[in-house]
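Here is the structure we will look at, set down as structure tokens.
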Amino acid sequence: MLCPVALVLWIVTAGLLGWFFFQGATTPSADGRTVVHLAPTERDFILTEMRQLLQAVHGVVTGLSDPDQSQGHAQAAAAARLAGMKMAVDDNPSLMLKLPLPLKQLGMSVHRDFDELADAITGGTTSQDILQRLSTITTRCLACHEMYQIKEG
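For reference, each letter of the sequence shown is one residue, going 757 to 909 in the working numbering.
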């Protein structure tokens with residue numbers, strides 16, 4: 757008798773975890789976006805990370821504007837590297853469970869793109885290529901903001 761109960765409990769638990777992995781803690785919003793419901797500290801964490809990504813964009817653009825191209829590119833690469841995958845390592849697993857899969861995928865792709873941007877800059881790519889890569893990154897940022905709204909609760 758215990759074995760079938762344990763099996764049913766395992767299936768229900770796995771199903772709920774799978775649902776949360778793909779859907780997260782979300783509801784539709786009146787403006788057509790998906791609301792992601794987070795605890796206040798989780799929301800603060802996400803918003804802080806978004807500001808850090810924006811600071812990285814600013815650092816890259818500032819580096820590109822430096823008249824000393826060598827120094828400017830070093831600054832741009834360092835700024836991009838700060839927003840790379842190392843930034844995503846600290847993400848809390850319970851927070852990640854609350855985020856819908858497409859949001860997680862967008863976020864991880866932005867971090868990977870920043871690492872690739874840093875590699876390209878240190879590899880001697882052109883300013884035009886750097887700006888094109890930065891445009892691709894910010895397009896993903898815009899897509900995320902157009903699709904999602906982060907709220908407490």
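Glycine included, every Cβ here is placed at the ideal spot set by N, Cα and C.
Exposed or buried, which one is L898 when buried takes at least 16 other CB atoms within 10 Å?
exposed
Measure the Cβ-Cβ separation of T804 and V791 and say whether it is below 9 angstroms.
no
Just checking my contact of V817 with A836 at CB under 8 angstroms: how many whole Å lie between their CB atoms?
Rounded, the Cβ-Cβ distance is 11 angstroms, inconsistent with contact.
Apart from the five residues just before and just after S785, which ones in its own chain have a Cβ nearer than 8 angstroms to its Cβ?
V791, Q905
Whole angstroms is fine: what's the gap from P849's alpha carbon to D875's?
28 angstroms
Would you decide whether V866 is buried or exposed? Buried here means 16 or more other CB atoms lie within 10 Å of its CB.
buried
Beta-carbon within less than 7 angstroms of P796's beta-carbon, same chain only, minus the 5 sequence neighbours each way: which residues are those?
E908
Straight-line gap, D824 to L809 (C-alpha atoms, nearest Å):
24 angstroms
Using three-state DSSP, classify T783 as helix, strand or coil.
strand
Looking at the unbroken beta strand (DSSP E) that takes in V816, where does it start and where does it end?
It is not in any beta strand (DSSP E) - V816 instead sits in the alpha helix (DSSP H) that spans 796-820.
Coil, strand or helix - T892 by DSSP:
helix
Kindly indicate the opening and closing residues of the alpha helix (DSSP H) around A874.
857-878
When burial is assigned at 16 or more other CB atoms within 10 Å of the CB, is K842 buried or exposed?
exposed
Cutoff 8 angstroms; reference E902; Cβ partners in own chain excluding five residues on either side:
R789
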